[in-house]
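Enquirer: In this note's numbering, the protein residues as written are 14 to 87. Every residue gets a Cβ at the ideal spot worked out from N, C-alpha and C, and that includes glycine.
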Amino acid sequence: MKCAICQHGRTTDGSTTIVLERAQTTVVFKNVPAKICGNCGEEYVSAEVNEALLRQAQEEAERGVTLEMLDFAV
Ligand SMILES: [Zn+2]
14 MKCAICQHGR TTDGSTTIVL ERAQTTVVFK NVPAKICGNC GEEYVSAEVN EALLRQAQEE
74 AERGVTLEML DFAV
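#1: From residue 76 to residue 66, what does the alpha carbon distance come to, in whole angstroms?
#2: Can you tell me which residues form a DSSP beta bridge with residue 19?
#3: Quick one: does the C-beta of residue 56 sit closer than 7 Å to a heavy atom of ligand 1?
#4: Determine the extent of the alpha helix (DSSP H) in which residue 62 is found, giving its start and end residues.
#5: Report the CB separation of residue 28 from residue 44 in whole angstroms; it is logged as a contact under 8 Å.
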């Protein structure tokens, strides 16, 4: 797809690292599938993946974890 931010680049499939914070909990997700703009580097994560990340971060927060590093797997 075409990048919505810079309007010039095209996105390619790749993976990225995403950090989510909830109150005192920080969750680092590695290897998150994303489409990355070859021009500006903007990363696009699908709604489905984003939802999974938010759900996981919420679970970690409820467990009272302060810092968690996870390999993302759909
Ligand atoms: Zn771009």
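Expert: Based on what the coordinates show:
#1: Counted from its first residue, the sequence shown places residue 76 at position 63. Counted from its first residue, the sequence shown places residue 66 at position 53. Taking the straight line from one Cα to the other gives about 15 Å.
#2: By one-based count along the sequence shown, residue 19 stands at place 6. Residue 19 is not bridged to any residue.
#3: Along the sequence shown, one-based indexing puts residue 56 at 43. Residue 56: no, Cβ never under 7 Å from ligand 1.
#4: One-based indexing of the sequence shown puts residue 62 at position 49. Element bounds for residue 62: 60-75.
#5: In the sequence shown, residue 28 corresponds to position 15, counting from 1. In the sequence shown, residue 44 corresponds to position 31, counting from 1. With a Cβ gap of about 5 Å, residue 28 and residue 44 count as contacting.
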